[in-house]
Amino acid sequence: MSTRETTVYTVLEVLIGIACCLGNVPVIWAVWSSISLRETTFCFMLSLAVADFLVGFVAVPFAVLVDGRVQTSFNGCVFISCIVIMLTMASILSLLAISVDRYLRVIIPLRYKKTVTERRSWLAVGICWFLAIILSSPPMIGWNRHENFDLRNSSIKCRFTDVIPMSYMVYFNFFLCTSHHC
Numbered sequence: 023m024s025t026r027e028t029t030v031y032t033v034l035e036v037l038i039g040i041a042c043c044l045g046n047v048p049v050i051w052a053v054w055s056s057i058s059l060r061e062t063t064f065c066f067m068l069s070l071a072v073a074d075f076l077v078g079f080v081a082v083p084f085a086v087l088v089d090g091r092v093q094t095s096f097n098g099c100v101f102i103s104c105i106v107i108m109l110t111m112a113s114i115l116s117l118l119a120i121s122v123d124r125y126l127r128v129i130i131p132l133r134y135k136k137t138v139t140e141r142r143s144w145l146a147v148g149i150c151w152f153l154a155i156i157l158s159s160p161p162m163i164g165w166n167r168h169e170n171f172d173l174r175n176s177s178i179k180c181r182f183t184d185v186i187p188m189s190y191m192v193y194f195n196f197f198l199c200t201s202h203h204c
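Going left to right, the sequence shown walks through residues 23 to 204 as the working numbering numbers them.
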């Protein structure tokens, strides 16, 4: 990428990150502070808002860093890349939880309140975040591109695509999660 393209990319990423944060802070505050928004659906909305805020506040800056802008150890680069994957996965899974909740509201309207309790909703949110952590960890435990590097070298130019294999991104994240509705 040319210097101009890199600058445009960085500016766009920063604007996206700021928009994520500014757009989700009011949602987090409203759900957290309002008793009338304590319905089960809002557990999922709060989870999505927190995940999207963290995407803007953490994942977007990390994504800029893992575009070759930082020298770090190989394991540090993999860790930063996995944080990006984990936070975006938490956002996707939270959105999926909202979809399932809305589906249940339509499909079992008379039993919905008895079936979808606040405790079960928070449990589902916890499962979403736990799955995001589990699904983002394979590169940290060996499914990475270490063969491309001399690991005795203390630092590398950190690039997401240099440390995270596309086989993990395509076969594991995409096919596993979309074909089995992760």
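Think of the CB as a built atom: it goes at the ideal place given N, C-alpha and C, for glycine as much as any other residue.
* **Closest Cα partner of residue 84 within the set 28, 146, 106** => Position 62 of the sequence shown holds residue 84. Out of 28, 146, 106, 106 has the C-alpha closest to the C-alpha of residue 84.
* Minimum C-alpha distance to residue 102 - residue among 166, 131, 170, 175 -> Taking the sequence shown and counting its residues from 1, the one referred to as residue 102 is at position 80. Comparing Cα positions, the closest option is 166.
* Inter-residue Cα distance where the pair is residue 35 and residue 42 -> The count along the sequence shown starts at 1 and reaches residue 35 at position 13. The count along the sequence shown starts at 1 and reaches residue 42 at position 20. Near 10 angstroms, if we compare the C-alpha coordinates of residue 42 and residue 35.
* **Sequence-distant residues of the same chain with beta carbon closer than 7 angstroms to residue 64, five excluded per side** => Residue 64 sits at position 42 when you count from the first residue of the sequence shown. Listed in chain order, the non-local C-beta contacts of residue 64 below 7 angstroms within the same chain comprise 53, local neighbours out to five positions each way being set aside.
* To do: Just mark residue 33 as buried or exposed, buried being the case when its beta carbon has 16 or more other beta carbons within 10 Å.
  => Working through the sequence shown from its first residue, we reach residue 33 at position 11. Exposed.
* Asked: Are at least three pairs of beta-carbons, each pair with one atom in the stretch 132-142 and one in the stretch 172-180, less than 8 angstroms apart?
  -> Taking one beta carbon from each stretch, the stretch 132-142 and the stretch 172-180 have fewer than 3 pairs nearer than 8 angstroms; the two do not touch.
* **Three-way DSSP call (helix, strand, coil) for residue 178 in this model** => On the sequence shown, position 156 is the one that residue 178 refers to. Reduced to three states, the DSSP call for residue 178 is strand.
* **DSSP beta-bridge partners of residue 89** => For this step, residue 89 is matched to residue 67 along the sequence shown. According to DSSP, which records beta bridges pairwise, residue 89 is partnered with 181.
* To do: Go to residue 72, then tell me how far its alpha helix (DSSP H) extends in each direction, as first and last residue.
  => What you label residue 72 is simply residue 50 of the sequence shown in a count that begins at 1. Note, residue 72: alpha helix (DSSP H), 62-76.
* To do: Thinking residue 81 and residue 110 are a contact (beta carbons under 8 angstroms), I'd like their distance in whole angstroms, please.
  => Taking the first residue of the sequence shown as position 1, residue 81 is located at position 59. Taking the first residue of the sequence shown as position 1, residue 110 is located at position 88. Residue 81 to residue 110, Cβ: 6 angstroms. Contact.
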